[in-house]
Every structure is written in C-alpha cells, then in structure tokens.
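Enquirer: Note that the protein sequences, when read in sequence, are chains A and B.
Read the first sequence against the numbering used here and you will find it ends at 433, with the numbers running on by one and no gaps.
Read the second sequence against the numbering used here and you will find it ends at 433, with the numbers running on by one and no gaps.
Backbone N, C-alpha and C define an ideal beta-carbon position, used for all residues, glycine too.
Nothing here was measured: the structure is a model prediction, and the numbers come from that model.
Input: one structure, supplied below.
2 protein chains.
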Amino acid sequence: MLFGLNGNDRKVQMLDAANREVVEAMQSADPVLVDVRSAKSVLPELKSPLVLHAGPPLPFEKMTGPAQGALIGVALYEKWASTPEQARAMLERGEIALDSCHHHNAVGPMAGATSGSMPVLVVQDASSGRTAYAILNEGIGAVLRFGAYNDEVQDRLTWFEEEFGPTLSAALRHAGGVPLKPIMSKALLMGDEMHQRNAAASLMFFQALMPHLVATATGDRLLRAVNFLGQTDQFFLNLAMAAGKIIGDAGQAVNGGSIVTAMCRNGVEFGLRVSGLGNSWWTGPVNRPQGMYFAGYGPEDGNPDIGDSAILETIGLGGMALPAAPAVIGFVGSGSFEDAQEIFQRERGIVVGTQPSFQIPTLDGQAALLGIDVRLVVSSGVLPLINTGIAHRVAGIGQIGAGTVSPPLVAFEQAAKALAGTLAP
Amino acid sequence: MLFGLNGNDRKVQMLDAANREVVEAMQSADPVLVDVRSAKSVLPELKSPLVLHAGPPLPFEKMTGPAQGALIGVALYEKWASTPEQARAMLERGEIALDSCHHHNAVGPMAGATSGSMPVLVVQDASSGRTAYAILNEGIGAVLRFGAYNDEVQDRLTWFEEEFGPTLSAALRHAGGVPLKPIMSKALLMGDEMHQRNAAASLMFFQALMPHLVATATGDRLLRAVNFLGQTDQFFLNLAMAAGKIIGDAGQAVNGGSIVTAMCRNGVEFGLRVSGLGNSWWTGPVNRPQGMYFAGYGPEDGNPDIGDSAILETIGLGGMALPAAPAVIGFVGSGSFEDAQEIFQRERGIVVGTQPSFQIPTLDGQAALLGIDVRLVVSSGVLPLINTGIAHRVAGIGQIGAGTVSPPLVAFEQAAKALAGTLAP
Chain A
9 MLFGLNGNDR KVQMLDAANR EVVEAMQSAD PVLVDVRSAK SVLPELKSPL
59 VLHAGPPLPF EKMTGPAQGA LIGVALYEKW ASTPEQARAM LERGEIALDS
109 CHHHNAVGPM AGATSGSMPV LVVQDASSGR TAYAILNEGI GAVLRFGAYN
159 DEVQDRLTWF EEEFGPTLSA ALRHAGGVPL KPIMSKALLM GDEMHQRNAA
209 ASLMFFQALM PHLVATATGD RLLRAVNFLG QTDQFFLNLA MAAGKIIGDA
259 GQAVNGGSIV TAMCRNGVEF GLRVSGLGNS WWTGPVNRPQ GMYFAGYGPE
309 DGNPDIGDSA ILETIGLGGM ALPAAPAVIG FVGSGSFEDA QEIFQRERGI
359 VVGTQPSFQI PTLDGQAALL GIDVRLVVSS GVLPLINTGI AHRVAGIGQI
409 GAGTVSPPLV AFEQAAKALA GTLAP
Chain B
9 MLFGLNGNDR KVQMLDAANR EVVEAMQSAD PVLVDVRSAK SVLPELKSPL
59 VLHAGPPLPF EKMTGPAQGA LIGVALYEKW ASTPEQARAM LERGEIALDS
109 CHHHNAVGPM AGATSGSMPV LVVQDASSGR TAYAILNEGI GAVLRFGAYN
159 DEVQDRLTWF EEEFGPTLSA ALRHAGGVPL KPIMSKALLM GDEMHQRNAA
209 ASLMFFQALM PHLVATATGD RLLRAVNFLG QTDQFFLNLA MAAGKIIGDA
259 GQAVNGGSIV TAMCRNGVEF GLRVSGLGNS WWTGPVNRPQ GMYFAGYGPE
309 DGNPDIGDSA ILETIGLGGM ALPAAPAVIG FVGSGSFEDA QEIFQRERGI
359 VVGTQPSFQI PTLDGQAALL GIDVRLVVSS GVLPLINTGI AHRVAGIGQI
409 GAGTVSPPLV AFEQAAKALA GTLAP
C-alpha cells in the first residue's frame with residue numbers, strides 16, 4: 009500500500025529529514041497583513057479578463073451552481089457583460105479566462121471568485137517575504153462566494169472597491185501591518201478553530217485596527233467601516249486563509265518531503281499539493297459535507313464541497329483543531345466535546361509535527377497538529393477532517409448549513425504513488 | 009448540623025418554594041448598561057465626604073494596605089486632603105465617612121473605593137427597573153483599586169471624570185443602552201469565566217459600543233477612548249460585576265429562602281447575604297488566595313482576599329464556571345482541564361438551580377450553576393470556589409498573582425443558624 013515509502017532505507021530517511029524541514033518552515037512562517045490593494049495592482053495578470061476561482065483548475069461548464077453564479081457576478085461587476093445571459097455566454101465561449109487562485113498566490117472561500125478590480129488582503133511572510141492574497145469577506149446573506157450576483161452583491165463589491173478597501177489600506181499602513189499569528193494564537197484560546205468560527209479573531213482584528221481606523225478615517229466613511237467590520241464575525245476567515253497560504257507555501261518552498269501543503273475544492277474535485285511534488289495537484293472527486301442544515305433545507309439541497317478554505321486544515325486548524333472550538337462541535341454535527349477530543353487523537357496519527365504557537369486550551373495547552381503526511385494518511389486510511397459551510401447547489405441562495413467533510417483518499421494515494429516514483433532508483 | 013433546615017416539614021417546604029422563586033428571579037434579571045454618570049449625580053449621599061469600599065463595613069484602621077491606600081488616593085483625588093499624610097489623618101479621625109458599596113447598590117473590585125466625582129457605570133434591570141453601579145476598570149499597573157495613588161493614578165481618574173466618562177455616556181445614550189446578558193452568554197462560549205478573564209466580553213463590548221462612539225466623539229477624544237478600551241481586557245469585569253449585583257438583588261427582592269445573593273470581602277472579613285435574611289451580613293475571616301505568583305513574589309507578599317468581585321461566583325460565574333475558561337485554569341493554579349470539570353461537578357452539589365442563558369460549551373452546553381443554598385454548603389462542607397487576583401499587601405504595588413480562594417464556612421453556618429431562628433415556632 010505504501011509504494012515503498014515506509015521502512016528504513018536511505019531514501020525514506022531523506023524523506024523524513026525533508027519532512028522535518030517542511031514542518032520547521034511551516035512553524036517559522038510569520039504572516040502579517042500589510043495592506044489591502046486592488047488585485048490588479050498586485051497581480052498584473054488580472055488587468056485582462058481573467059478570474060481566479062477556488063480549488064484545482066476547472067472549466068466553466070463543469071462547475072457547480074454557486075461557482076458559475078459567482079463568475080457571472082464577476083463578469084457583471086467588471087462590466088465585461090451587461091446581463092447575466094451575456095456573462096454566461098462569454099464564460100461558456102472562453103472569452104473570460106479562468107484559473108485557480110492558488111496559481112496566483114491567492115486563496116478564496118467557497119467559489120473564491122477573484123478579479124482585478126477587487127481589493128485583496130496582502131499578507132506577507134515576515135520570515136521569507138513571500139506574499140499571499142485573499143479577497144475580503146462579504147459577510148452573510150446574498151454574497152458572491154455563494155453565487156449571488158444581485159444589486160446588493162454588486163453594491164457591496166463596489167463599496168469594497170471604492171471606499172472600504174482604501175479605508176482598510178490607510179489604516180493598515182498607519183498601523184505598519186497587523187501580525188496575524190498572535191491573533192490566531194489568542195483566538196484558539198477563545199473558542200475559534202478559524203474555519204467555521206472566527207468570532208474572537210474577528211473581534212481582535214477589529215480591536216487592533218480600530219485606533220488606526222479612527223486616526224485615518226472620519227465621518228460616514230469611518231462609521232460604515234466600523235459597522236461592517238463589527239457585524240462580520242467571519243471577517244477574519246479570509247485573513248486566516250491567507251495566513252494558511254503563507255504557512256503552506258513556506259513548507260512547499262522546501263521542495264522535498266511528503267507533507268500536504270495545500271488542500272482545496274472546486275465543487276467537483278478536491279486537490280492537494282505535496283511538499284516534494286512541486287506544484288502538481290493530486291485530485292479526486294469531492295464528497296458532500298455531512299452536518300446540520302438550516303430550517304427548510306436538507307442534504308438534497310447541498311452543493312458538493314467547495315472552496316480554498318481547507319488551507320486551514322492543512323495548517324492544523326478547522327476540523328483538525330475541533331476541541332479548541334466547543335461551540336462549533338454541535339453546529340457542524342460532530343457530536344459531543346468528548347467526540348471532538350477523540351477526533352483530535354485520531355487526526356494526530358496523520359501528522360508528523362505540531363505548531364507550538366497554536367495551543368488548544370481544552371486539551372491543557374497541547375499544540376495544534378502540523379504536517380499532514382500523505383504516507384500516514386494512506387497507511388492509516390484516516391483522512392483530515394474538514395469543517396465547512398454547506399452552500400445551496402443553486403447559485404445565490406447561500407449557506408444552508410454547516411458540517412464536516414473528508415477529502416477523497418484517492419488524492420492522497422495518487423500523491424503517495426507519484427512520490428514513490430520520484431524516489432525509485 | 010442543619011439546625012432543622014432539612015427534612016420535609018411545612019416550613020422547609022416553604023423555604024424550598026421561596027428558593028425556587030429566588031432562582032427564577034435571578035434567571036429573569038436583565039441587566040442593561042444604560043449610562044455612565046458622575047457617582048454623586050446618581051447617589052446624592054456621595055456629595056458629602058463619603059467613600060464606598062468593597063466588602064462588609066470595616067473601619068479604616070482595620071483595613072489592609074491596598075484598601076487604606078485606595079482611600080488615601082480618593083481623599084487626594086477629591087481634594088479633601090492635599091498630602092497622603094493629611095488624608096490618612098482625616099481617615100483615622102473619621103472625618104471622611106466610609107460605607108460598603110453594597111449599601112448603595114454598588115460593587116467595586118479589590119479595594120472598591122468609590123467617591124462622588126468618579127463616573128460610574130449605571131446598569132439597570134430591564135425586568136424590575138432596579139439599578140446597580142460600579143466604577144470604571146482602570147486597567148493594570150498603578151491603579152487605585154490596588155491602593156496606588158500616584159500621579160499616574162490621579163491623572164487617569166481625572167481623565168475618567170472629565171473626558172472618558174462623558175464620552176462613554178454619550179455613546180451609551182446614542183446606543184440606547186447595551187444589554188449585558190447576551191455579551192456574557194457569548195463570552196462563556198469564548199473562554200471567559202468573567203472574573204479572572206473578560207477578554208472576549210471586553211472585545212464584544214468594544215465592538216458593540218464602537219459605532220456609537222464614532223458617531224458621538226471625534227479626534228483625540230475618540231482615539232483616547234478607543235485606545236483605553238482596546239487595551240483594557242478586564243474592562244468588562246466591572247460591567248459583569250454590576251450585572252451580578254442586579255442578578256443577586258433580583259433574588260434578594262424575593263425576601264425569602266436560603267440562597268446566597270451576595271458574597272464580598274474587605275481584606276479582613278468575608279461577608280454574604282441570604283435571600284431570606286434581609287440586608288444582614290454573615291461574616292467570617294477571609295482566607296488567603298492560593299495560586300500562582302508573578303516572578304519575584306510569593307505567598308508572604310499577598311494581601312488577604314479582598315473585593316466585591318465574588319458577586320460573580322454568587323451568580324455562577326468565575327470559579328463556579330471554571331471549565332468555561334480553559335486558559336484561566338492554569339493561570340489560577342487549578343490544575344488540568346479535567347480537574348476543572350471535577351470542581352464544577354462538586355460545586356453543582358451546593359446550588360439549587362441553573363442559569364439557562366449561560367451555557368458552558370466545554371461541558372456540551374450544560375447551563376451554569378445558579379442559587380448557592382447555604383443549607384447545602386453547610387451540610388456538604390463544599391464551599392463556593394472564588395477566582396481572584398492576588399494583591400500585594402503593601403498599598404500600590406498592585407497585582408502579584410492570581411488564584412482561587414474559599415470563603416470561610418463559618419459565615420454560611422451563622423447564616424443557616426439565623427435562618428433556622430426565623431423559622432422556629
């Protein structure tokens with residue numbers, strides 16, 4: 009089963025050594041939110057009609073409802089099309105190019121649609137200088153990431169672009185950047201696992217930014233920013249995702265070993281990257297989340313798993329740190345607090361290290377897990393547990409529940425097999 | 009041992025019925041922070057040289073260092089004296105009157121010193137209209153509540169009076185008040201037990217107030233308020249204490265039963281009130297907190313237990329809700345998370361009810377404990393566990409540690425005995 013990747017020969021020892029290096033690199037990454045910039049100013053390729061999306065690459069016609077809706081919404085927002093029908097036709101004819109967020113140092117939740125005029129969070133690794141980008145969290149209700157593109161969505165995107173993004177930028181530059189790891193450490197002590205729940209982290213970011221916001225904005229502009237930040241309790245999700253991208257990429261840069269450095273889903277395929285396998289995606293069909301549905305909805309309404317947010321489980325948060333967030337356990341239908349502790353003990357078996365900066369208080373300060381080893385996943389059959397929102401399969405209806413989902417084992421098996429190939433004499 | 013307070017006769021049944029009423033009243037209380045006002049404007053008796061202090065009444069000469077220091081600081085702040093020596097002499101001669109905060113619907117942490125010019129939180133019970141008051145939290149370092157009275161302390165008190173209090177008042181009136189129970193409920197999901205730790209509650213209050221603060225203040229005045237609130241992670245402690253006073257007084261108003269409705273300490277004596285025993289204090293000598301000391305300090309430096317903050321344990325928070333705050337458990341030296349769960353199970357034995365609004369997520373949402381019955385304390389010998397900061401015994405040095413402390417059993421025994429007397433034929 010392990011394609012010769014276990015045992016004690018020299019090649020396996022080198023793999024183990026590389027893995028230690030990967031874990032150290034992931035531990036040392038130091039993501040700092042330095043600015044909010046127009047996407048096309050930091051990713052010049054977005055000056056053309058190109059839209060980034062969550063998960064491994066996927067053509068428009070294969071995408072699920074929310075992903076297609078989000079892309080139609082972007083075409084309208086960017087004024088490439090003036091009606092949804094025109095937008096759809098352009099996307100079907102390939103007149104709007106598509107690519108994975110991950111191919112442009114970016115990550116996006118749910119559909120993840122990212123285009124040039126949108127302001128993006130600019131997160132820099134103080135250790136390496138590497139940069140990651142993520143769009144701003146839109147809050148709940150009618151939002152682009154669930155495929156909605158009505159006036160409310162368009163108005164919010166325009167406000168992001170014209171006022172809120174520049175307001176955040178001025179405050180962040182006044183602050184000299186906001187280090188994210190200290191906020192994430194403290195949030196784990198306050199019931200966040202930073203995927204399903206970012207209530208504490210969002211409050212701490214709000215608090216950290218506020219003196220700089222009041223120093224750089226006034227009047228209604230300030231009030232609108234304060235209200236939006238105060239009401240958006242998943243605002244930090246996108247910051248945590250960009251931090252996760254920084255941490256994953258720090259491991260990827262080692263260019264060796266068998267550690268998972270990214271996990272993402274496009275609604276059809278799950279994809280992962282491995283530290284010793286370059287930028288290839290190892291994929292398999294996504295599963296459907298299991299969990300709790302809001303009143304009036306059921307499993308038949310749910311979209312298959314989608315979004316880049318599994319970058320959080322990649323770095324040991326979200327479902328990999330479930331005991332840190334007791335309030336999430338019931339919400340995602342994972343049973344009791346004791347069940348969550350058992351899940352954590354099980355997941356411990358597929359990682360080769362821990363993240364000492366991230367402690368789980370309900371486990372007496374045990375460190376969060378770090379470094380999912382594809383070999384350990386394949387040999388044990390234990391899969392990372394991913395916390396996730398459940399999108400309605402029809403574009404624009406939005407979130408209809410929350411739950412957990414497992415990635416397909418085949419993606420890990422293929423990666424392990426490829427890794428064995430690279431080590432073959 | 010129980011002075012005839014157990015068993016099944018009619019008087020005991022009436023006591024049990026009264027206790028149910030007390031618990032219901034405490035459950036129904038709905039504390040709302042409506043304003044911040046000058047103490048003398050809401051408590052006209054404070055127009056004279058009168059200072060309120062924590063705990064049951066105690067003359068100046070019997071007080072411990074921090075309490076004496078705080079009173080000297082107040083005499084300087086109110087300009088009744090111009091030197092510390094003069095202040096001490098006036099206090100020793102009784103030229104400045106003293107009384108318990110609790111006798112004036114107020115509560116204060118540590119020394120609890122409250123005088124007419126200080127702004128106080130005005131918390132109103134939306135159910136009954138009853139009001140409770142508490143001074144503003146000063147943050148850490150040199151602070152009046154630990155007996156410091158240097159320029160830094162005086163300058164902060166002056167800023168509270170002249171700028172910060174009125175700024176908060178305007179924002180609160182703009183908000184139409186801030187209900188405290190929803191914040192407290194959410195904070196329990198975020199690692200606060202609201203005595204030793206109010207990190208989440210303080211952030212949520214900050215967030216709730218901020219839109220109203222930016223709508224009513226500008227420039228440096230706004231910036232100073234934002235900075236102080238943002239940096240004072242125990243700011244909510246005093247709000248929680250006033251909420252606790254509202255909840256305790258709701259039980260007290262039933263005027264029957266054997267439920268503890270207030271617990272407080274003045275550094276020498278612990279005192280408690282019982283729902284069926286009017287406003288009498290049942291007292292005993294305070295214990296010394298056991299816990300962890302900051303580097304360079306030890307038990308010989310610690311002041312005996314002091315402050316009105318045990319009102320939080322009275323309503324089932326603080327040490328009575330330890331599993332809600334895993335990060336606090338180690339800080340107060342209470343062992344592991346499992347130990348905290350055992351403490352909770354033990355304390356369950358001395359209460360007659362629960363507070364459904366306050367759920368403890370790490371116990372799968374079990375409700376917090378409510379309604380400490382003096383009979384159950386006396387018959388079991390199990391005492392409420394109180395989380396507390398440890399003050400240096402010398403005025404003004406400040407906090408030197410944190411720990412837990414038990415009240416003296418004799419206070420509960422005397423109350424039970426008195427209660428038996430009221431029921432005697």
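Alpha carbon to alpha carbon, how far is G286 of chain B from P57 of chain B? Give it in angstroms, no decimals.
Expert: Walking along the second sequence from the start, residue 57 of chain B turns up at place 49. Walking along the second sequence from the start, residue 286 of chain B turns up at place 278. Those two C-alpha atoms are separated by around 27 Å.
Enquirer: Would T370 of chain A pass as an interface residue toward chain B - the criterion being a Cβ-Cβ separation below 9 Å?
Expert: Locating residue 370 of chain A in the first sequence gives position 362, where the first residue counts as 1. With 9 Å as the cut-off, T370 of chain A counts as an interface residue toward chain B.
Enquirer: Which residue spans inside the stretch 28-81 of chain A form an unbroken beta strand (DSSP E) run of at least 3?
Expert: If we require 3 residues or more, the beta strand (DSSP E) runs fully inside the stretch 28-81 of chain A come out as 39-46, 58-61.
Enquirer: For chain B, is any of its Cβ atoms less than 9 Å away from the one on G299 of chain A?
Expert: Residue mapping note: residue 299 of chain A aligns to position 291 of the first sequence, counting from 1. So, not an interface residue.
Enquirer: If you follow the beta strand (DSSP E) that V6 of chain A is in, where does it begin and where does it stop?
Expert: What is shown of chain A runs 9 to 433, which leaves residue 6 of chain A out entirely.
Enquirer: In terms of alpha-carbon separation, which member of A:I191, A:G199, A:G227, A:M198 lies closest to F213 of chain A?
Expert: Position 205 of the first sequence, counted from the first residue, corresponds to residue 213 of chain A. Checked all of A:I191, A:G199, A:G227, A:M198; the closest Cα to F213 of chain A is A:I191.
Enquirer: If you measure beta-carbon to beta-carbon, which residues of the stretch 146-158 of chain B are closer than 9 Å to chain A?
Expert: Listed by position, the residues of the stretch 146-158 of chain B near chain A (Cβ gap below 9 Å) amount to none.
Enquirer: Can you tell me the Cα-Cα spacing of A156 of chain A and M202 of chain A, whole angstroms?
Expert: The residue given as residue 156 of chain A occupies position 148 in the first sequence. The residue given as residue 202 of chain A occupies position 194 in the first sequence. When rounded, the distance between both Cα atoms is 24 Å.
Enquirer: Grab me the residues of S135 of chain B's own chain with a C-beta within less than 8 Å of its C-beta, minus the 5 sequence neighbours each way, in chain order.
Expert: Residue numbering aside, residue 135 of chain B sits at position 127 when the second sequence is read from its first letter. These residues qualify, in order along the chain: S36, A37, D38, A258.
Enquirer: Answer with yes or no whether the minimum CB distance from Q242 of chain A to chain B is below 9 Å.
Expert: As a first step, residue 242 of chain A is located in the first sequence; it is residue number 234 there, counting from the start. By this cut-off, Q242 of chain A is not an interface position.
Enquirer: Where does Q363 of chain B fall in DSSP's three states?
Expert: Position 355 of the second sequence, counting from 1, holds the residue named residue 363 of chain B. Three-state DSSP puts Q363 of chain B in a strand.
Enquirer: Counting only C-beta atoms, is M9 of chain A closer than 9 Å to chain B at any point?
Expert: Taking the first sequence and counting its residues from 1, the one referred to as residue 9 of chain A is at position 1. For M9 of chain A, the predicted structure reports a pLDDT of 49, less than 50, and the residue's modelled location is therefore unreliable. The matter cannot be settled from this model.
Enquirer: Which bits of chain A does Q162 of chain B rub up against, with CB to CB less than 9 Å?
Expert: Locating residue 162 of chain B in the second sequence gives position 154, where the first residue counts as 1. Within chain A, no residue comes near Q162 of chain B; the closest Cβ sits about 25 Å away, beyond 9 Å.
Enquirer: Could you check whether V50 of chain B and I319 of chain B sit closer than 9 Å to each other, using their CB atoms as the reference points?
Expert: The residue given as residue 319 of chain B occupies position 311 in the second sequence. The residue given as residue 50 of chain B occupies position 42 in the second sequence. Against a cut-off of 9 Å, the Cβ pair of V50 of chain B and I319 of chain B comes out as no contact.
Enquirer: Just to confirm before moving on: does the CB-CB distance between P74 of chain A and R401 of chain A stay below 9 Å?
Expert: Numbered from 1 along the first sequence, position 66 holds the residue referred to as residue 74 of chain A. Numbered from 1 along the first sequence, position 393 holds the residue referred to as residue 401 of chain A. Yes, they are a contact pair.
Enquirer: Quick one: which unbroken beta strand (DSSP E) runs of 3-plus residues sit fully inside the stretch 106-135 of chain A? Chain order, please.
Expert: Correct list: 127-133.
Enquirer: What residues in the stretch 221-241 of chain B have a beta carbon less than 8 Å from any beta carbon of chain A?
Expert: For the stretch 221-241 of chain B, which is checked against every Cβ of chain A, the residues closer than 8 Å are V222, A223, T226, L230, L231, V234, N235, G238.
Enquirer: Residues in its own chain within less than 6 Å of T370 of chain B by CB, not counting five upstream and five downstream?
Expert: In the second sequence, residue 370 of chain B corresponds to position 362, counting from 1. So the qualifying residues of the chain are P331.
Enquirer: Does D159 of chain A pass the burial test, meaning 16 or more other C-beta atoms within 10 Å, or should it be called exposed?
Expert: Residue numbering aside, residue 159 of chain A sits at position 151 when the first sequence is read from its first letter. Exposed, by the Cβ-count rule.
Enquirer: Just to confirm, is the Cβ distance from L378 of chain A to G324 of chain A under 9 Å?
Expert: Translated into the one-based positions of the first sequence, residue 378 of chain A becomes position 370. Translated into the one-based positions of the first sequence, residue 324 of chain A becomes position 316. The answer is yes: Cβ separation under 9 Å.
Enquirer: Closer than 8 Å to a non-hydrogen atom of the ligand ATP - does that hold for the CB of R138 of chain A?
Expert: The ligand ATP is not among the ligands present in this structure, which contains no ligands whatsoever.
Enquirer: I want to verify the contact list: residues of chain A whose CB lies under 8 Å from the CB of G137 of chain B, in sequence order.
Expert: In the second sequence, counting from the first residue as 1, residue 137 of chain B sits at position 129. Chain A residues near G137 of chain B: none, gap ~30 Å exceeds 8 Å.
Enquirer: With 7 Å as the limit, tell me which residues of the stretch 203-223 of chain A have their beta carbon closer than that to any beta carbon of chain B; keep them in chain order.
Expert: Those would be A207, A208, L211, M212, F214, Q215, M218, P219, V222, A223, in chain order.
Enquirer: Since I believe T139 of chain B is in contact with Q132 of chain B (beta carbons under 8 Å), could you give me their beta-carbon distance rounded to a whole number of angstroms?
Expert: As a first step, residue 132 of chain B must be located in the second sequence, where it is residue number 124. As a first step, residue 139 of chain B must be located in the second sequence, where it is residue number 131. Rounded, the Cβ-Cβ distance is 5 Å, consistent with contact.
Enquirer: Tell me which residue opens and which closes the alpha helix (DSSP H) that N1 of chain B is part of.
Expert: No information on residue 1 of chain B is available, as it lies outside the stretch 9 to 433 that chain B covers here.
Enquirer: I want to verify the contact list: residues of chain B whose CB lies under 7 Å from the CB of P334 of chain A, in sequence order.
Expert: Against the first sequence, residue 334 of chain A aligns to sequence position 326. The contacting residues are P369, T370.
Enquirer: If we require 3 or more residues per run, which beta strand (DSSP E) segments fall completely within the stretch 305-378 of chain A?
Expert: If we require 3 residues or more, the beta strand (DSSP E) runs fully inside the stretch 305-378 of chain A come out as 359-368.
Enquirer: So which residues on chain E does F345 of chain A lean against when the C-beta distance must stay under 8 Å?
Expert: Among the protein chains in the structure shown, which are A and B, there is no chain E.
Enquirer: Against chain B, does M198 of chain A count as a neighbour if the rule is that its beta carbon must be under 9 Å from one of theirs?
Expert: Against the first sequence, residue 198 of chain A aligns to sequence position 190. At least one chain B Cβ lies under 9 Å of M198 of chain A.
Enquirer: Could you tell me if N263 of chain B is buried or exposed, where buried requires 16 or more neighbouring beta carbons within 10 angstroms of its beta carbon?
Expert: The residue labelled residue 263 of chain B in the question sits at position 255 within the second sequence. Classification for N263 of chain B: exposed.
Enquirer: Does the Cβ-Cβ distance between A376 of chain A and L197 of chain A come in under 9 Å?
Expert: Numbered from its first residue, the first sequence carries residue 376 of chain A at position 368. Numbered from its first residue, the first sequence carries residue 197 of chain A at position 189. No, the Cβ-Cβ distance between A376 of chain A and L197 of chain A is not below 9 Å.
Enquirer: Counting C-beta neighbours from all protein chains within 10 Å, is the total for M9 of chain A 16 or more, i.e. buried, or is it exposed?
Expert: Indexing the first sequence from 1 puts residue 9 of chain A at position 1. Reliability fails at M9 of chain A, whose pLDDT of 49 lies under 50, so the model's placement of it is uncertain and the value that follows must be treated cautiously. M9 of chain A comes out exposed.
Enquirer: How about L165 of chain B and M118 of chain B: do their beta carbons lie closer than 9 Å?
Expert: Taking the second sequence and counting its residues from 1, one reaches residue 165 of chain B at position 157. Taking the second sequence and counting its residues from 1, one reaches residue 118 of chain B at position 110. Taking 9 Å as the Cβ cut-off, L165 of chain B and M118 of chain B do not qualify as a contacting pair.
Enquirer: Would you call E93 of chain B buried or exposed, if buried means 16 or more other Cβ atoms sit within 10 Å of its Cβ?
Expert: Position 85 of the second sequence, counted from the first residue, corresponds to residue 93 of chain B. When all chains shown are included, E93 of chain B counts as exposed.
Enquirer: Give me the residue from B:I398, B:G409, B:P334 with the minimum Cα distance to F302 of chain B.
Expert: By 1-based counting over the second sequence, the position of residue 302 of chain B is 294. That would be B:G409, whose Cα lies nearest to the Cα of F302 of chain B.
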